[in-house]
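Q: Take the sequence shown: its letters are residues 344 to 531, numbered as in the working numbering.
Glycine residues also receive a C-beta, built at the ideal position from the N, C-alpha and C atoms.
The structure is given below, and queries will be raised subsequently.
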Amino acid sequence: MKSISISFPRSGCLALLLVLLAPGHALAGGKHDHGHDHGHQQSAHVHGQAQLQVALEDRTVDLIFRSPAANLVGFEHQPRNEDQKQQLDQTREWLANTPLVNTDNGDCTVVSGTAHLSHEHGHSHGDTHSEIEVSQQLQCASDPESPLVTPLPGQFREIHRLAVDWVSKRGQGQTVLEEGGDTIQLTP
344 MKSISISFPR
354 SGCLALLLVL
364 LAPGHALAGG
374 KHDHGHDHGH
384 QQSAHVHGQA
394 QLQVALEDRT
404 VDLIFRSPAA
414 NLVGFEHQPR
424 NEDQKQQLDQ
434 TREWLANTPL
444 VNTDNGDCTV
454 VSGTAHLSHE
464 HGHSHGDTHS
474 EIEVSQQLQC
484 ASDPESPLVT
494 PLPGQFREIH
504 RLAVDWVSKR
514 GQGQTVLEEG
524 GDTIQLTP
């Protein structure tokens with residue numbers, strides 16, 4: 344696996360909660376059909392789908408966003424020309440610096456962010472599957488409770504289904520945003 348990473352420090356307390364949410368993710372068993380068999384357990388690599396994990400504690404939000412690169416930049420291979428390189432760089436910059444969730448009044452800011460691109464090889468037909476993973480820690484001026492909004496479906500039109508796992512002092516839950524939906528209700 345080949346990786347490109349931009350790193351910033353991040354707190355570990357809420358990151359553990361995000362990891363604990365991962366096994367029950369709604370996309371894990373989703374249909375994955377683009378002409379080949381994997382021979383291994385299904386992962387979240389489904390074109391058109393992405394996942395977002397959100398942990399809220401006081402005025403801090405920790406989140407992890409994962410998506411096939413095709414949803415975000417239109418390709419999954421290493422950039423082959425200057426236009427693709429620029430598109431990837433701009434997307435990584437946007438993902439690392441734009442709050443991927445926010446309150447209705449938009450008072451959350453990114454205090455740390457990471458945009459990571461990984462390439463997986465090894466399918467029998469030689470395809471490369473790339474995932475983009477983003478980690479952010481946000482600080483909000485007000486309590487970031489329900490509802491939250493996300494700019495992801497509006498920014499990336501190829502995301503048709505965004506599965507959201509969340510945990511807060513009020514509980515935990517899952518929701519799915521379909522076709523451009525941008526409001527996340529944190530209702531256990």
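Taking the CB atoms as reference points, tell me whether R423 and L460 lie closer together than 9 angstroms.
A: No, Cβ-Cβ distance for R423 and L460 is not below 9 angstroms.
Q: Kindly identify the DSSP beta-bridge partner or partners of T457.
A: S478
Q: Could you give the first and the last residue of the continuous beta strand (DSSP E) run that contains V507?
A: R504 to S511
Q: Less than 7 angstroms between C-beta atoms, sequence neighbours within five positions excluded: which residues of the same chain meet that for P496?
A: Excluding positions up to five away in sequence, the list reads I502, L505, L520, G523, G524 and D525.
Q: Throw me the rounded Cβ distance for the E419 and P411 pair, which I believe falls under 8 angstroms.
A: Right, the Cβ-Cβ distance comes to about 7 angstroms (below 8 angstroms), so this counts as a contact.
Q: Taking all protein chains shown into account, decide if E474 is buried (16 or more other Cβ within 10 angstroms of its Cβ) or exposed.
A: buried
Q: Using only alpha-carbon positions, find the residue among K428, A398 and G417 that is nearest to G514.
A: Of the listed residues, the one whose Cα sits closest to G514 is A398.
Q: Quick one: give me the first and last residue of the beta strand (DSSP E) that Q515 is part of.
A: G514 to E521
Q: Please report the straight-line C-alpha distance between T457 and P487, rounded to a whole angstrom.
A: For T457 and P487, the gap between their C-alpha atoms comes out near 21 angstroms.
Q: Alpha helix (DSSP H) containing L438: first to last residue?
A: First-last of the alpha helix (DSSP H) with L438: E425 to N440.
Q: Return the first residue and the last residue of the alpha helix (DSSP H) that L495 is part of.
A: L495 to Q498
Q: Just reading off the alpha helix (DSSP H) that L415 is part of, what are its end residues?
A: A412 to V416
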